[in-house]
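S.K.:
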Amino acid sequence: MIRRIIDFTLILLFMWACMLIGLWLINEVIVPLEIPGINNRVLTATLKVAASAGLALLWLWLWREIVKRTFWRTLRAYEQSVKMKERVSSEKEKQKGRNED
Amino acid sequence: MRMITEFAAFAVGFAVSLLSMPMIMKVMKRKGIMGVDVHKKDRPSIPEMGGIAVLLGITASVLTAVLLMPGRDRLLVSFLSSTLIAGVIGAVDDLKTLNAKIKPFLTLFSSIPILLLGTYNPRGPILPIIGQTRLTLVYPFVIVVAMAVTSNAVNMMDPFNGTMSGTCTVITIVLVVSSLILGRYDGVLPSLCILGPLLVLYFYNKYPAKVFSGDVGSLSIGAALGAASIISRLEIVAVVAFAPQIMNAFYGLSTIGRLYERREVPRPVILLENGKLMAASDPNAPITLARLILARGPLHEREAAQVFIILSIISGVLAVFTAYLIRVTV
Numbered sequence: 000m001i002r003r004i005i006d007f008t009l010i011l012l013f014m015w016a017c018m019l020i021g022l023w024l025i026n027e028v029i030v031p032l033e034i035p036g037i038n039n040r041v042l043t044a045t046l047k048v049a050a051s052a053g054l055a056l057l058w059l060w061l062w063r064e065i066v067k068r069t070f071w072r073t074l075r076a077y078e079q080s081v082k083m084k085e086r087v088s089s090e091k092e093k094q095k096g097r098n099e100d
Numbered sequence: 000m001r002m003i004t005e006f007a008a009f010a011v012g013f014a015v016s017l018l019s020m021p022m023i024m025k026v027m028k029r030k031g032i033m034g035v036d037v038h039k040k041d042r043p044s045i046p047e048m049g050g051i052a053v054l055l056g057i058t059a060s061v062l063t064a065v066l067l068m069p070g071r072d073r074l075l076v077s078f079l080s081s082t083l084i085a086g087v088i089g090a091v092d093d094l095k096t097l098n099a100k101i102k103p104f105l106t107l108f109s110s111i112p113i114l115l116l117g118t119y120n121p122r123g124p125i126l127p128i129i130g131q132t133r134l135t136l137v138y139p140f141v142i143v144v145a146m147a148v149t150s151n152a153v154n155m156m157d158p159f160n161g162t163m164s165g166t167c168t169v170i171t172i173v174l175v176v177s178s179l180i181l182g183r184y185d186g187v188l189p190s191l192c193i194l195g196p197l198l199v200l201y202f203y204n205k206y207p208a209k210v211f212s213g214d215v216g217s218l219s220i221g222a223a224l225g226a227a228s229i230i231s232r233l234e235i236v237a238v239v240a241f242a243p244q245i246m247n248a249f250y251g252l253s254t255i256g257r258l259y260e261r262r263e264v265p266r267p268v269i270l271l272e273n274g275k276l277m278a279a280s281d282p283n284a285p286i287t288l289a290r291l292i293l294a295r296g297p298l299h300e301r302e303a304a305q306v307f308i309i310l311s312i313i314s315g316v317l318a319v320f321t322a323y324l325i326r327v328t329v
């Protein structure tokens, strides 16, 4: 049960830290950004929103990929361990049968 | 007076839900409004719509608070109205199944009372490390989306007995603690109005469930928690506390690629012969939080529900830490 909780906690901590870093980046870097050569306020604001949205989408994409990979890797590892156990137990059965013979 | 009102609101909500729940269960049995508990081998039929008792409890609780503290009526009325709007949508969905796209759309309307009565921080949320934001124009739109997100995320996170009610109880306690840390005493009252009825629902809904909350319960609890977070100005704390619900909804939606109803997609969890639950290996099934937890091997439903509550407690601790960061920043 502990391993399951650790899996989730690691993803949660990553998501939380990324959220704080992302908010800080938007507030400290993107919002005060002066784009040289562009004087139009609406255009500057639109570019800032686009950059912030891009950052949020990158965060969501990273999050989705981590979860997908974690899930399939864990499930495959479990399925392999089950197969391995089955193989070992069937070999033991065979060995037992041979010994009885 | 404040503490007396808070205690009275909690106690009345708890008592009304406790008294009304058995009656609602009887009515649902009589009317044949039953749901099948699919994660048990004998597939028992359980009365649905136990969430009505939660709605009755919250209503009684809020009315008590309004009577005892008339100065807070605008705040409490907006909170109750948002909860009731979501509750009505949930009740309609329980009785006549709504489309997977219409239901989230309708829940957007639960934000109207908060916007009309202006019971939100007009400047926007206060963020940790950053402080007060200036989102005067954008924030009302964020509130509309946030109310739909909280109500639907809670609604989607009801895979096992006691999961929804247990995790929401943890979130409510986190909201109370965070309100106290940040000195937002207005936020304690709405959270306590939810806590009493939620404890009753958890008692009846925990493994083995005697009642299901139905969408009337899950949508209204989600909206109530969303409204309490906005009214208490605990938006970011709530985002962290809601992490298991948000993760569950996000994983599901991102793997399916659209809004879906449980009936439309392959089951993410399968019941084994020994009564344990196992993650389905179907690549078309949504990767929900339940499936992610069960990927490490089968678990009994009681154990899986316990994992959910532990995860919610971990998110809750992080949310309280976020509240502390906000306090340090401000």
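Residue numbers (numbering that gives the first Met the number 0), protein chains in the order written: chain X, 0 to 100; chain P, 0 to 329.
Beta carbons are placed, not taken as given, at the ideal position from N, Cα and C, and that holds for glycine.
Source: prediction; values computed, not measured.
#1: Report yes if the C-beta distance between residue 54/P and residue 97/P is below 8 Å; otherwise report no.
#2: What is the C-beta distance between residue 125/P and residue 167/P, in whole angstroms, given that I count them as a contact (C-beta under 8 Å)?
#3: Could you please give me the residues that DSSP links to residue 35/P through a beta bridge?
#4: Any beta-carbon of chain X closer than 8 Å to the one on residue 311/P?
#5: What's the gap between the Cα of residue 94/X and the Cα of residue 87/X?
#6: On a Cα-Cα basis, can you pick out the residue from 105/P, 52/P, 143/P, 8/P that is closest to residue 66/P?
#7: At a CB distance below 9 Å, what residues from the region 203–227 of chain P approach chain X? Give them in sequence order.
#8: The beta strand (DSSP E) with residue 235/P in it runs from where to where?
#9: With a Cβ-Cβ cutoff of 8 Å, do residue 287/P and residue 259/P count as a contact?
#10: Which class does residue 294/P belong to by DSSP, given the choice of helix, strand or coil?
#11: What residue does the alpha helix (DSSP H) around residue 270/P start on, and which one ends it?
#12: Leaving out five residues on either side along the sequence, give the residues of the same chain with a beta carbon under 8 Å from the beta carbon of residue 128/P.
#13: To which residues of the same chain is residue 105/P closer than 6 Å at the C-beta, ignoring the five residues directly before and after it?
#14: With distances taken Cα to Cα, identify the nearest neighbour of residue 231/P among 189/P, 208/P, 238/P.
#15: Assuming residue 10/P is part of the alpha helix (DSSP H), what are its boundary residues?
#16: From the DSSP secondary-structure annotation, give me the bridge partner or partners of residue 89/P.
#17: Return the residues of the region 246–270 of chain P that lie within a Cβ-Cβ distance of less than 9 Å from chain X, sorted by chain order.
#18: So if DSSP puts residue 126/P in a beta bridge, which residue, or which two residues, is it bridged to?
#19: Any idea if residue 81/X is buried or exposed, counting beta-carbon neighbours within 10 angstroms, 16 or more meaning buried?
#20: Suppose you measure from the CA of residue 23/P to the CA of residue 31/P; what does that come to, to the nearest Å?
#21: CB-CB under 6 Å to residue 278/P, same chain, minus the five flanking residues each way: which ones, in chain order?
#22: Please name the residues in the region 0–11 of chain X whose beta-carbon is closer than 9 Å to at least one beta-carbon of chain P, in chain order.
#23: Under 8 Å: do the region 172–188 of chain P and the region 129–147 of chain P share three or more Cβ pairs, one atom per stretch?
#24: Between residue 100/P and residue 107/P, what straight-line distance do the alpha-carbon atoms span, to the nearest angstrom?
#25: Taking just the CA atoms, how far does residue 8/X sit from residue 78/P?
#26: At a Cβ threshold of 8 Å, is residue 13/X touching chain P?
#27: Against residue 45/X, what residues of chain P qualify as contacts under a CB-to-CB distance less than 9 Å, listed in chain order?
#28: If I'm right that residue 4/P touches residue 64/P with Cβ under 8 Å, what's the distance once you round it to whole angstroms?
#29: Give me the Cα-Cα distance between residue 73/X and residue 305/P, rounded to the nearest whole angstrom.
#30: So, with DSSP's three-state summary, where would you put residue 163/P?
#31: So, does the CB of residue 81/P fall closer than 8 Å to a CB anywhere in chain X?
#32: Is DSSP giving residue 188/P helix, strand or coil here?
#33: In angstroms with no decimal places, state the Cα-to-Cα distance between residue 209/P and residue 48/P.
#34: Determine the DSSP secondary structure at residue 146/P, reduced to helix, strand or coil.
#35: When you measure from the CB of residue 48/P to every non-hydrogen atom of the ligand MG, does any distance come out below 7 Å?
#36: Assign residue 3/X to one of two classes, buried (16 or more other C-beta atoms within 10 Å of its C-beta) or exposed (fewer than that).
M.R.: So, from the listed chains and residues:
#1: Numbered from 1 along the second sequence, position 55 holds the residue referred to as residue 54/P. Numbered from 1 along the second sequence, position 98 holds the residue referred to as residue 97/P. Not a contact, by the Cβ cut-off of 8 Å.
#2: Within the second sequence, the letter at position 126 stands for residue 125/P. Within the second sequence, the letter at position 168 stands for residue 167/P. About 24 Å separates the two Cβ atoms, so there is no contact after all.
#3: For the purposes of this step, residue 35/P is taken as the residue at position 36 of the second sequence. BP columns for residue 35/P point to 44/P.
#4: To locate residue 311/P, count along the second sequence from 1; it is residue 312. No, its Cβ sits nowhere closer than 8 Å to a Cβ of chain X.
#5: Within the first sequence, the letter at position 95 stands for residue 94/X. Within the first sequence, the letter at position 88 stands for residue 87/X. Going by the C-alpha atoms only, they are around 10 Å apart.
#6: Counted from its first residue, the second sequence places residue 66/P at position 67. With respect to the C-alpha of residue 66/P, the residue from 105/P, 52/P, 143/P, 8/P having the closest C-alpha is 8/P.
#7: none
#8: Numbered from its first residue, the second sequence carries residue 235/P at position 236. Segment 234–240 is the alpha helix (DSSP H) holding residue 235/P; no beta strand (DSSP E) there.
#9: Here the question's residue 287/P lines up with position 288 in the second sequence. Here the question's residue 259/P lines up with position 260 in the second sequence. For residue 287/P and residue 259/P, no; Cβs fall outside 8 Å.
#10: In the second sequence, residue 294/P corresponds to position 295, counting from 1. If DSSP states are grouped into helix, strand and coil, residue 294/P belongs with coil.
#11: Translated into positions along the second sequence, residue 270/P becomes position 271. No alpha helix (DSSP H) holds residue 270/P; the beta strand (DSSP E) holding it covers 268–270.
#12: Residue 128/P sits at position 129 when you count from the first residue of the second sequence. Hits under 8 Å: 324, 328.
#13: As a working note, residue 105/P is residue 106 in the second sequence. Excluding sequence neighbours, residue 105/P sits near 88.
#14: Start at 1 with the first residue of the second sequence, and residue 231/P comes out as number 232. When each option's Cα is compared against that of residue 231/P, the closest is 189/P.
#15: The count along the second sequence starts at 1 and reaches residue 10/P at position 11. That run of the alpha helix (DSSP H) goes 1–30.
#16: The count along the second sequence starts at 1 and reaches residue 89/P at position 90. Beta-bridge annotation (DSSP): residue 89/P is not paired with any residue.
#17: Across the region 246–270 of chain P, CB contacts with chain X closer than 9 Å involve 246, 249, 250, 253, 254, in sequence order along the chain.
#18: On the second sequence, residue 126/P is found 127 positions in, with the first residue counted as 1. The bridge partners DSSP lists for residue 126/P are 130/P.
#19: For the purposes of this step, residue 81/X is identified with residue 82 of the first sequence, where counting begins at 1. Residue 81/X comes out exposed.
#20: As a first step, residue 23/P must be located in the second sequence, where it is residue number 24. As a first step, residue 31/P must be located in the second sequence, where it is residue number 32. If you take the alpha carbons of residue 23/P and residue 31/P, they lie about 12 Å apart.
#21: Translated into positions along the second sequence, residue 278/P becomes position 279. For residue 278/P, where only same-chain residues beyond five positions count, the Cβ hits under 6 Å are 290, 293, 294.
#22: 0, 2, 3, 4, 6, 7, 8, 10, 11
#23: no
#24: For the purposes of this step, residue 100/P is taken as residue 101 along the second sequence, with counting starting at 1. For the purposes of this step, residue 107/P is taken as residue 108 along the second sequence, with counting starting at 1. Taking the straight line from one Cα to the other gives about 12 Å.
#25: Residue 78/P sits at position 79 when you count from the first residue of the second sequence. Residue 8/X sits at position 9 when you count from the first residue of the first sequence. Their backbone Cα atoms lie some 32 Å apart in a straight line.
#26: If you number the first sequence from 1, residue 13/X lands on position 14. For residue 13/X, the answer is no, since every Cβ of chain P falls outside 8 Å of its Cβ.
#27: By 1-based counting over the first sequence, the position of residue 45/X is 46. The contacting residues do not exist; residue 45/X stays about 14 Å from chain P at best.
#28: Position 5 of the second sequence, counting from 1, holds the residue named residue 4/P. Position 65 of the second sequence, counting from 1, holds the residue named residue 64/P. With 8 Å as the limit, residue 4/P and residue 64/P qualify as a contact, their Cβ atoms being about 6 Å apart.
#29: Your numbering for residue 73/X matches position 74 in the first sequence. Your numbering for residue 305/P matches position 306 in the second sequence. In this model, residue 73/X and residue 305/P are separated by some 20 Å (Cα to Cα).
#30: Along the second sequence, one-based indexing puts residue 163/P at 164. Looking at residue 163/P - three-state DSSP - the assignment turns out to be helix.
#31: Translated into positions along the second sequence, residue 81/P becomes position 82. Judged by the 8 Å Cβ criterion, residue 81/P is not in contact with chain X.
#32: Residue 188/P sits at position 189 when you count from the first residue of the second sequence. In this structure, residue 188/P counts as helix in the three-state DSSP scheme.
#33: Position 210 of the second sequence, counted from the start, is the residue given in the question as residue 209/P. Position 49 of the second sequence, counted from the start, is the residue given in the question as residue 48/P. Residue 209/P and residue 48/P: Cα-Cα distance of roughly 12 Å.
#34: Against the second sequence, residue 146/P aligns to sequence position 147. In this structure, residue 146/P counts as helix in the three-state DSSP scheme.
#35: Judged by which ligands are present, the structure shown has none, so any question about the ligand MG falls away.
#36: The residue given as residue 3/X occupies position 4 in the first sequence. Residue 3/X sits buried, since 16 or more C-beta atoms from the chains shown fall within 10 Å of its C-beta.
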